[in-house]
Amino acid sequence: MRCITDEGFGAATAKHVAERAGVTWGVIQYHFGDRNGLLMAVVDDGVARLLASLSAVDVGGLELRQRIEAVVDTAWRCYASPTSLAAFEILRATRGSLGEQSYEHLLQMNEAINRLGVLVSDDPADSGVADVIWASLRGIVLAQMIIGGEFDWQAERRALIEMVSHYLERERR
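Residues 1 to 173, numbered by UniProt numbering, are exactly what the sequence shown covers, in order.
What follows is the structure in C-alpha coordinates.
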(Lines of atoms letter the chains of each structure in order from A and count residues from 1; the text may use other names and numbers.)
(Lines give C-alpha, C1' and ligand atoms only; values in the text may rest on other atoms or scores of the structure.)
Protein backbone atom coordinates (compact mmCIF):
# COMPACT_ATOMS: atom_id res chain seq x y z
CA MET A 1 0.00 0.00 0.00
CA ARG A 2 2.70 2.50 1.02
CA CYS A 3 4.62 1.78 -2.16
CA ILE A 4 1.63 2.92 -4.21
CA THR A 5 0.76 5.96 -2.08
CA ASP A 6 4.41 7.05 -1.83
CA GLU A 7 5.61 6.30 -5.35
CA GLY A 8 2.56 5.64 -7.52
CA PHE A 9 1.12 2.56 -9.16
CA GLY A 10 3.96 2.24 -11.67
CA ALA A 11 6.49 1.68 -8.88
CA ALA A 12 4.58 -1.29 -7.50
CA THR A 13 6.58 -3.95 -9.30
CA ALA A 14 6.74 -7.33 -7.63
CA LYS A 15 10.43 -6.92 -6.89
CA HIS A 16 10.10 -3.41 -5.49
CA VAL A 17 7.12 -4.27 -3.27
CA ALA A 18 9.00 -7.27 -1.86
CA GLU A 19 12.09 -5.13 -1.19
CA ARG A 20 10.06 -2.46 0.59
CA ALA A 21 8.29 -5.09 2.68
CA GLY A 22 11.60 -6.72 3.57
CA VAL A 23 10.53 -10.10 2.23
CA THR A 24 11.27 -12.24 -0.79
CA TRP A 25 9.04 -12.46 -3.82
CA GLY A 26 8.37 -16.07 -2.79
CA VAL A 27 6.68 -14.89 0.41
CA ILE A 28 4.39 -12.61 -1.59
CA GLN A 29 3.64 -15.42 -4.05
CA TYR A 30 2.81 -17.76 -1.18
CA HIS A 31 0.33 -15.34 0.39
CA PHE A 32 -1.12 -13.62 -2.69
CA GLY A 33 -0.29 -15.78 -5.71
CA ASP A 34 0.97 -13.03 -7.97
CA ARG A 35 1.17 -9.25 -8.30
CA ASN A 36 -2.51 -8.99 -9.21
CA GLY A 37 -3.42 -11.00 -6.11
CA LEU A 38 -1.37 -8.61 -4.00
CA LEU A 39 -2.98 -5.58 -5.65
CA MET A 40 -6.45 -7.04 -5.13
CA ALA A 41 -5.64 -7.66 -1.44
CA VAL A 42 -4.83 -3.95 -1.09
CA VAL A 43 -8.11 -3.05 -2.82
CA ASP A 44 -10.04 -5.53 -0.64
CA ASP A 45 -8.55 -4.01 2.52
CA GLY A 46 -9.12 -0.44 1.36
CA VAL A 47 -12.73 -1.06 0.42
CA ALA A 48 -13.45 -2.99 3.63
CA ARG A 49 -12.08 -0.15 5.75
CA LEU A 50 -13.97 2.45 3.73
CA LEU A 51 -17.25 0.54 4.05
CA ALA A 52 -16.77 0.00 7.80
CA SER A 53 -16.09 3.70 8.38
CA LEU A 54 -19.00 4.84 6.24
CA SER A 55 -21.33 2.44 8.06
CA ALA A 56 -20.31 3.75 11.48
CA VAL A 57 -21.53 7.33 10.99
CA ASP A 58 -24.07 8.40 13.60
CA VAL A 59 -25.91 11.67 13.03
CA GLY A 60 -28.81 11.02 15.38
CA GLY A 61 -30.01 14.22 17.02
CA LEU A 62 -27.81 16.53 14.97
CA GLU A 63 -29.11 19.63 13.23
CA LEU A 64 -28.93 19.78 9.42
CA ARG A 65 -25.61 21.62 9.18
CA GLN A 66 -24.01 19.32 11.76
CA ARG A 67 -25.27 16.28 9.84
CA ILE A 68 -23.76 17.66 6.64
CA GLU A 69 -20.44 18.32 8.39
CA ALA A 70 -20.40 14.83 9.92
CA VAL A 71 -21.13 13.15 6.59
CA VAL A 72 -18.64 15.26 4.61
CA ASP A 73 -15.88 14.86 7.20
CA THR A 74 -16.42 11.11 7.55
CA ALA A 75 -16.45 10.58 3.81
CA TRP A 76 -13.27 12.68 3.47
CA ARG A 77 -11.45 10.71 6.18
CA CYS A 78 -12.44 7.50 4.42
CA TYR A 79 -11.56 8.65 0.92
CA ALA A 80 -8.29 10.34 1.89
CA SER A 81 -6.88 7.53 4.04
CA PRO A 82 -3.69 5.94 2.67
CA THR A 83 -5.44 2.58 2.25
CA SER A 84 -8.30 4.10 0.27
CA LEU A 85 -5.94 6.21 -1.84
CA ALA A 86 -3.94 3.10 -2.72
CA ALA A 87 -7.12 1.17 -3.53
CA PHE A 88 -8.44 4.00 -5.72
CA GLU A 89 -5.12 4.28 -7.54
CA ILE A 90 -5.06 0.53 -8.19
CA LEU A 91 -8.66 0.52 -9.44
CA ARG A 92 -7.95 3.52 -11.66
CA ALA A 93 -4.71 2.10 -13.06
CA THR A 94 -6.03 -1.40 -13.70
CA ARG A 95 -9.35 -0.21 -15.17
CA GLY A 96 -11.21 -3.38 -14.27
CA SER A 97 -8.51 -5.81 -15.39
CA LEU A 98 -8.39 -7.32 -11.89
CA GLY A 99 -11.69 -9.02 -12.60
CA GLU A 100 -15.26 -9.02 -11.42
CA GLN A 101 -14.27 -8.42 -7.81
CA SER A 102 -13.00 -4.92 -8.58
CA TYR A 103 -16.33 -4.09 -10.22
CA GLU A 104 -18.18 -5.47 -7.17
CA HIS A 105 -16.10 -3.22 -4.93
CA LEU A 106 -17.16 -0.17 -6.91
CA LEU A 107 -20.81 -1.19 -6.54
CA GLN A 108 -20.37 -1.72 -2.78
CA MET A 109 -18.77 1.70 -2.38
CA ASN A 110 -21.55 3.33 -4.38
CA GLU A 111 -24.23 1.66 -2.24
CA ALA A 112 -22.50 2.74 0.99
CA ILE A 113 -22.21 6.30 -0.26
CA ASN A 114 -25.89 6.35 -1.21
CA ARG A 115 -26.79 5.16 2.32
CA LEU A 116 -24.60 7.90 3.76
CA GLY A 117 -26.36 10.47 1.58
CA VAL A 118 -29.67 9.62 3.23
CA LEU A 119 -28.15 10.81 6.52
CA VAL A 120 -27.98 14.32 5.05
CA SER A 121 -31.55 14.25 3.78
CA ASP A 122 -33.96 11.37 3.40
CA ASP A 123 -36.11 13.34 0.95
CA PRO A 124 -35.77 11.66 -2.48
CA ALA A 125 -35.93 15.12 -4.06
CA ASP A 126 -32.56 15.87 -2.40
CA SER A 127 -30.70 12.87 -3.83
CA GLY A 128 -28.80 15.18 -6.18
CA VAL A 129 -27.23 16.89 -3.17
CA ALA A 130 -25.53 13.66 -2.15
CA ASP A 131 -24.29 13.25 -5.72
CA VAL A 132 -22.69 16.70 -5.55
CA ILE A 133 -21.02 15.87 -2.23
CA TRP A 134 -19.54 12.62 -3.58
CA ALA A 135 -18.47 14.15 -6.89
CA SER A 136 -16.76 17.00 -5.04
CA LEU A 137 -14.94 14.66 -2.68
CA ARG A 138 -13.83 12.38 -5.53
CA GLY A 139 -12.42 15.42 -7.32
CA ILE A 140 -10.55 16.55 -4.22
CA VAL A 141 -9.18 13.04 -3.69
CA LEU A 142 -8.05 12.98 -7.32
CA ALA A 143 -6.23 16.27 -6.74
CA GLN A 144 -4.56 14.78 -3.67
CA MET A 145 -3.50 11.73 -5.68
CA ILE A 146 -2.02 13.94 -8.39
CA ILE A 147 -0.20 16.13 -5.88
CA GLY A 148 1.06 13.02 -4.14
CA GLY A 149 0.85 14.32 -0.60
CA GLU A 150 -1.31 15.88 2.03
CA PHE A 151 -3.93 18.24 0.69
CA ASP A 152 -5.30 21.15 2.70
CA TRP A 153 -8.92 21.03 1.71
CA GLN A 154 -10.41 23.36 4.32
CA ALA A 155 -11.48 26.02 1.80
CA GLU A 156 -13.18 23.39 -0.36
CA ARG A 157 -14.74 21.79 2.73
CA ARG A 158 -16.24 25.10 3.86
CA ALA A 159 -17.55 25.86 0.36
CA LEU A 160 -19.11 22.41 0.01
CA ILE A 161 -20.78 22.51 3.43
CA GLU A 162 -22.03 26.07 2.82
CA MET A 163 -23.44 25.18 -0.59
CA VAL A 164 -25.23 22.05 0.63
CA SER A 165 -26.52 23.78 3.78
CA HIS A 166 -27.77 26.78 1.83
CA TYR A 167 -29.53 24.61 -0.74
CA LEU A 168 -31.23 22.34 1.79
CA GLU A 169 -32.18 25.15 4.17
CA ARG A 170 -33.62 27.15 1.27
CA GLU A 171 -35.75 24.16 0.31
CA ARG A 172 -37.18 23.94 3.83
CA ARG A 173 -38.25 27.58 4.17
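Even for Gly, the Cβ is constructed at its ideal location relative to N, Cα and C.
The structure displayed is predicted, hence computed values, not measured ones.
For residue 150, the number of other beta carbons within 10 angstroms of its own is below 16, and it is reported as exposed. It is roughly 44 Å from the alpha-carbon of residue 66 to the alpha-carbon of residue 13.
Going by DSSP, residue 52 is part of the alpha helix (DSSP H) stretching over 35 to 55. In this structure, residue 51 sits away from residue 90, with a CB-CB distance that is not shorter than 7 Å. In summary, residue 55 is exposed, with fewer than 16 beta-carbon neighbours lying within 10 Å of its beta-carbon over all protein chains present. Within the same chain, Cβ atoms closer than 6 Å to the Cβ of residue 41 are found at 32, the five residues on either side in sequence being excluded. By the 16-neighbour rule on beta-carbons within 10 angstroms, residue 97 is exposed.
In this structure, DSSP gives residue 131 a helical state, which the three-state scheme calls helix. If you draw a straight line from the Cα of residue 15 to the Cα of residue 88, it is about 22 Å long. In the three-state reduction of the DSSP assignment, residue 160 falls in the helix class, which pools H, G and I. Cβ-Cβ distances below 8 Å link residue 57 to 70, 71, 74, 116, 119 in the same chain, with the five nearest sequence neighbours on each side left out; the list follows chain order.
Distance from the CA of residue 129 to the CA of residue 68, rounded to the nearest whole angstrom, comes to 10 Å. Comparing alpha carbon positions, the residue from 144, 136, 140, 143 closest to residue 163 is 136.
Counting only the Cα atoms, residue 18 lies some 6 Å from residue 24. The closest CA to that of residue 20, considering only 79, 114, 3, 121, is found on 3.
Membership of residue 1 in any alpha helix (DSSP H) is not indicated, and neither H nor E is assigned to it by DSSP.
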